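Protein sequences, first through last, are from chains A, B, C and D.
Read in order, the letters of the first sequence are residues 1163 to 1266 in my numbering.
Read in order, the letters of the second sequence are residues 1163 to 1266 in my numbering.
Read in order, the letters of the third sequence are residues 1163 to 1266 in my numbering.
Read in order, the letters of the fourth sequence are residues 1163 to 1266 in my numbering.
Protein chains: 4
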Amino acid sequence: MNIKNIQKQLSDFADERDWDQFHNPKNLAMALSVEASELVEIFQWLTPEQAESIMDSGESEHVKEEMADIMIYLIRMADKLNVDLESAIADKIVKNGEKHQPNT
Amino acid sequence: MNIKNIQKQLSDFADERDWDQFHNPKNLAMALSVEASELVEIFQWLTPEQAESIMDSGESEHVKEEMADIMIYLIRMADKLNVDLESAIADKIVKNGEKHQPNT
Amino acid sequence: MNIKNIQKQLSDFADERDWDQFHNPKNLAMALSVEASELVEIFQWLTPEQAESIMDSGESEHVKEEMADIMIYLIRMADKLNVDLESAIADKIVKNGEKHQPNT
Amino acid sequence: MNIKNIQKQLSDFADERDWDQFHNPKNLAMALSVEASELVEIFQWLTPEQAESIMDSGESEHVKEEMADIMIYLIRMADKLNVDLESAIADKIVKNGEKHQPNT
């Protein structure tokens, strides 16, 4: 996935709509959390078993769209804050590994 | 960003800790939304101006870690649901463009 | 506010629709957080000043409805878990007072 | 539950700590959603059955505290916005009843 390329698209998209004024990191974090809840909403009344087969249901496109929305706000926020998502993830996986030792 | 490679790391990580049993899409969506709120929490009492300069504050590493956690759960969920994040984003940007026409 | 009376109404409401099966505490917590995000969504692109005057805007009824939804799920959850909300709040205010000393 | 009385306590609490400046409705909505996610976090990896018996577990006080935090922010927000929570709930129950007809 070419993050820089997506960031350029999202930046152009915001500029063309005069949305940059709204995209401060506080607002973007809120918007991201709202999208995350829209993903949660799809699953809220399902059993774990029904959740497992969500992509075989009429909600499959909806799931993809909500996941895309989350990623879009995250990538946009990373652009505004100059965060390198790829190295942030790599660092966090190392840190998680130190915190949670594997079973032996 | 090599999503497949990260998915392999996250899958191995979960297997080594016997966590796969917890990673149904309902639980992953919940965990993702919890991480999104941890990102929101950093900004909740800040003015928009303070939020803009968050990366010059003592919270910069914290911001990166919460963004990484969100991305980690999103990438993990995409793996479990066989969602191609890159094409999901591309599709959503097109759809957003149809919904929100540019200013002229 | 008569919590017991509201709980009776909500319990009857759920029974009449055969919804009790969905109202386990995990699902109710999810639903509550989704409603909280619907409240956040109203404010996400507003300046703090615009937020202050939300009740003078066309969103005033929307705000009330989202606040009601949050309270409804919280009261329903308290019923299912036998939590006395009034004493839980009283205890938490004491605890918060110990954690955050007043300015002098 | 005496909402007015709790609102007075919360208002005094905020004044004594010079917190009123942070309590605009946008920030309070964010804080409420963050507390809702802290409640969700308790349940995120549990089965529905484990969730049902949460009050018999070591998490029972934690659950009460998170529920109290949600209610505290909701009551505080209602104060700042002059929303009558009791009538908002009554109105919403009527509206929900019209939207979702009972089973027959």
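Ideal Cβ positions, reconstructed from N, Cα and C, are used throughout, including at glycine.
In this text, all values refer to a predicted model and were calculated from it rather than measured experimentally.
What residue from the options has the CA that sits closest to residue i's CA?
{"i": "Ser1219 of chain C", "options": "C:Val1256, C:Leu1247, C:Phe1205 and C:Ala1230", "result": "C:Phe1205"}
{"i": "Ile1251 of chain C", "options": "D:Glu1248, D:Ser1249, D:Met1217 and D:Ala1230", "result": "D:Ala1230"}
{"i": "Asn1164 of chain A", "options": "A:Asp1246, A:Pro1264, A:Asn1258 and A:His1262", "result": "A:Asp1246"}
{"i": "Glu1228 of chain A", "options": "A:Glu1197, A:Asp1174 and A:Ser1215", "result": "A:Glu1197"}
{"i": "Lys1226 of chain A", "options": "B:Ile1255, B:Val1225, B:Glu1214 and B:Glu1211", "result": "B:Ile1255"}
So that I know if they touch, is there some Cβ in chain E lying closer than 8 Å to that of residue i?
{"i": "Val1256 of chain B", "result": "Within the model displayed, chain E is absent; protein chains A, B, C and D are what it includes."}
Let me know if residue i comes out buried or exposed under the rule of 16 or more other beta-carbons within 10 Å of its beta-carbon.
{"i": "Val1202 of chain B", "result": "buried"}
{"i": "Glu1200 of chain A", "result": "buried"}
{"i": "Asp1174 of chain A", "result": "exposed"}
Where residue i and residue j are concerned, what is the direct C-alpha to C-alpha distance, given to the nearest angstrom?
{"i": "Ser1195 of chain A", "j": "Pro1264 of chain C", "result": "32 Å"}
{"i": "Met1217 of chain D", "j": "Lys1166 of chain C", "result": "19 Å"}
{"i": "Glu1211 of chain B", "j": "Tyr1235 of chain B", "result": "29 Å"}
{"i": "Ala1213 of chain D", "j": "Asp1180 of chain A", "result": "46 Å"}
{"i": "Ala1191 of chain C", "j": "His1224 of chain D", "result": "13 Å"}
{"i": "Thr1266 of chain B", "j": "Gln1171 of chain A", "result": "18 Å"}
{"i": "Ala1240 of chain B", "j": "Met1233 of chain C", "result": "33 Å"}
{"i": "Glu1248 of chain B", "j": "Ala1193 of chain A", "result": "20 Å"}
{"i": "Asn1189 of chain C", "j": "Asn1189 of chain B", "result": "11 Å"}
{"i": "Lys1257 of chain C", "j": "His1262 of chain A", "result": "31 Å"}
{"i": "Asp1253 of chain C", "j": "Asp1253 of chain A", "result": "40 Å"}
Apart from the five residues just before and just after residue i, which ones in its own chain have a Cβ nearer than 7 Å to its Cβ?
{"i": "Ala1176 of chain C", "result": "Asp1182 and His1185"}
{"i": "Glu1260 of chain C", "result": "none"}
{"i": "Glu1279 of chain D", "result": "As shown, chain D starts at 1163 and ends at 1266. That puts residue 1279 of chain D outside it, with no answer to give."}
Going along the chain, which residues of its own chain have a beta-carbon closer than 6 Å to the beta-carbon of residue i, five neighbours each way excluded?
{"i": "Ile1168 of chain C", "result": "Ile1237"}
Ignore the nearest five residues each way along the sequence and tell me which others in residue i's own chain have a CB closer than 8 Å to its CB.
{"i": "Leu1208 of chain C", "result": "Ile1216"}
{"i": "Leu1243 of chain B", "result": "Pro1187"}
{"i": "Ser1222 of chain D", "result": "Ile1216"}
Kindly examine the ligand PLP and report whether one of its heavy atoms sits closer than 7 Å to the Cβ of residue i.
{"i": "Val1256 of chain A", "result": "Annotation note on the ligand PLP: not contained in the displayed structure, which lists no ligands."}
Legend entry - Contiguous alpha helix (DSSP H) assignments of at least 4 residues, all confined to the region 1178-1258 of chain D: With a minimum length of 4 residues, the continuous alpha helix (DSSP H) runs that stay inside the region 1178-1258 of chain D are 1187-1205, 1210-1214 and 1222-1243.
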